[in-house]
Structure formats: structure tokens, C-alpha cells
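Going by my numbering, the letters in the sequence shown line up with residues 22 to 224, in that order.
For each residue, glycine too, the CB sits at the ideal point set by N, CA and C.
Working notes for the structure below.
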Amino acid sequence: LEQMLKAVSRCMDRRLNERMQYAMKRDYQRHNTSEIIGGSEKTRQLKQLITQFAPSRASVLVEGESGTGKELVARGIHQASGRTGPFVPINCGAIAPELLESELFGHTSGAFTGAKKSREGLFRVANGGTLFLDEIGEMPLSMQASLLRVLEQRTIRPVGSEREISIDVRIVAATNRNLQEEVNQGNFRSDLYYRLNVLKIEV
Numbered sequence: 022l023e024q025m026l027k028a029v030s031r032c033m034d035r036r037l038n039e040r041m042q043y044a045m046k047r048d049y050q051r052h053n054t055s056e057i058i059g060g061s062e063k064t065r066q067l068k069q070l071i072t073q074f075a076p077s078r079a080s081v082l083v084e085g086e087s088g089t090g091k092e093l094v095a096r097g098i099h100q101a102s103g104r105t106g107p108f109v110p111i112n113c114g115a116i117a118p119e120l121l122e123s124e125l126f127g128h129t130s131g132a133f134t135g136a137k138k139s140r141e142g143l144f145r146v147a148n149g150g151t152l153f154l155d156e157i158g159e160m161p162l163s164m165q166a167s168l169l170r171v172l173e174q175r176t177i178r179p180v181g182s183e184r185e186i187s188i189d190v191r192i193v194a195a196t197n198r199n200l201q202e203e204v205n206q207g208n209f210r211s212d213l214y215y216r217l218n219v220l221k222i223e224v
């Protein structure tokens, strides 16, 4: 078990390092609203919403079917916002629930078996920029409570730490689910839904 946990920790370190390098080197000027192609009225309205929402610090919820360009919309919001930090995407449904907290918030040395050194989470990587939470509807309820706390207090606490760290991160979340229905069914926290659904774009 200990060897398995060590292997998982090494994998997490490697993945985070790759994400950090990708985020810091990305020329995000390539990802602006000009990449949203089309001359239809719906496309024009979409670009208008991106431009309108970009300057705000408020969270944005992007809803739409898979393959409709939700991440492109999120990148467009980030690019038009003028924020100097990176655009950092994470697919909430692609990471094991037991690893998601450390992935987002980081951990201290010795926080769990195999954690031989401290590690920054994606919130700190995205500081000054935008964190794109793709497939937010897949996030476990336990993590939803932690995310709500971050949105309310604008601080994070790495796993194993008692220290609160202030952050300046714009949240853009996306889902292919109807989150209002997920709330009604008890699968998604209503308070988190309203925190994320300050500004909404449907694609």
C-alpha cells in the first residue's frame, strides 16, 4: 500500500509540474473570441456576452453539450479580462475523488503517506489568472463544500496545513449537465450552484 501511495504521489507531482509548465508558457493571446467562428446571431451574442462578462471578477457558469466549445468560451473570457496570471484548466471528472483536494489546494510535506515534499495546488498556479473547472457537475459533494468555502473566503488551505493562503483567482466553471436539476436531485449543492451561477453562458 505504501509503495502504491508513493507511486500516486510521484504521478501527481509529475502531472502538476506539466500543468504548471503548460500554464506559464501558454501564449493565451491565441485563445480569444476571434477563434469562435461563425456569423450567426447566436455566435454574435456569444461574443458579446464574453466581452461583457470578462472585466468582472464574478464567477461564470458555462452550460452546453460536449463538443460545443465551452473551454474556448472560458479562454475567451480570460483573454478579454486582462488578468495577468495564467489560464489553468482542470477536468473535475478526470481525477479520482481522493486526489482532487490535493490537486486543487496542494499539500504539505507529510500530509499523507508518500507526501515527502510540499506541493502547490492548481489554485496557487492560477493565482492572478483564471481557473477553469470543466465538468463541475462531476465534483463529489465533499469537494463541493471545500470549493464553496474558497469562493466565500478567497483563501485556500493545503492538505495537512493549518495556514490560510489568500488567492486571487477568477473561476469559470462548465458542465454538460443541467445543474439546476442536479441541485433538485440532491447531487449538487444549491449554495455552490448560486455562487457559480453569478454570470451564465449557454452554448
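Proximity to residue i [Cα-Cα], best of the options
i: T105; options: L152, S80, S139; result: L152
i: E203; options: A147, I192, Y215; result: Y215
i: A101; options: R78, E122, S87, P179; result: R78
i: T89; options: S61, L217, K138, T196; result: T196
i: I116; options: E159, P76, V190; result: E159
i: L220; options: E173, Q66, L82; result: L82
i: F108; options: F144, Q165, Q69; result: F144
i: S211; options: L168, A147, G149; result: L168
i: R175; options: R198, F74, S123, G149; result: G149
i: D155; options: Q66, I192, A147; result: I192
i: G85; options: M164, S163, I157; result: I157
i: L213; options: A75, S123, E173, L125; result: E173
i: S130; options: Q206, G97, P179; result: P179
Length of the line joining the Cα atoms of residue i and residue j
i: L120; j: T72; result: 35 Å
i: R184; j: R170; result: 14 Å
i: A194; j: P161; result: 15 Å
i: G181; j: E62; result: 50 Å
i: S187; j: E141; result: 13 Å
i: H52; j: A95; result: Bear in mind that the predicted position of H52 carries a pLDDT of just 43, short of 50, making it unreliable; the figure below should be weighed with that in mind. Their Cα atoms are separated by approximately 9 Å.
i: G114; j: S139; result: 24 Å
i: L93; j: H128; result: 30 Å
i: A166; j: K68; result: 32 Å
i: S190; j: I222; result: The amino acid occupying residue 190 in the given sequence is Val; Ser does not appear at that position. For V190 and I222, the distance between alpha carbons rounds to 19 Å.
i: L70; j: H99; result: 13 Å
i: V146; j: G103; result: 17 Å
i: M45; j: N199; result: Any answer about M45 is weak, because its pLDDT of 47 lies below 50 and its placement is not dependable; what the coordinates show is given next. Going from the Cα of M45 to the Cα of N199 covers about 33 Å.
i: E124; j: G207; result: 25 Å
i: I177; j: Q201; result: 27 Å
i: T64; j: N218; result: 21 Å
i: M164; j: I111; result: 14 Å
i: Y43; j: V224; result: Reliability of the predicted coordinates at Y43 is poor, the pLDDT of 49 falling under 50, and the value obtained from them is presented with this limitation in mind. Taking the straight line joining both Cα atoms gives about 26 Å.
i: F209; j: P118; result: 15 Å
i: G97; j: S80; result: 14 Å
i: K91; j: P76; result: 19 Å
i: S87; j: F126; result: 27 Å
i: F74; j: Q66; result: 12 Å
Counterpart residues of residue i in DSSP-defined beta bridges
i: E84; result: T196, E223
i: L154; result: I111, A194
First and last residue of the uninterrupted alpha helix (DSSP H) at residue i
i: A216; result: Checking the displayed sequence, the identity of residue 216 turns out to be Arg instead of Ala. Looking at the DSSP string, the run of the alpha helix (DSSP H) that includes R216 is 211-217.
i: Q73; result: 62-74
Ignoring anything shorter than 3 residues or poking outside the stretch 87-150, list the beta strand (DSSP E) runs there in chain order. 108-112
Which complete alpha helix (DSSP H) runs does the stretch 158-196 hold, if anything under 4 residues is left out? 162-174
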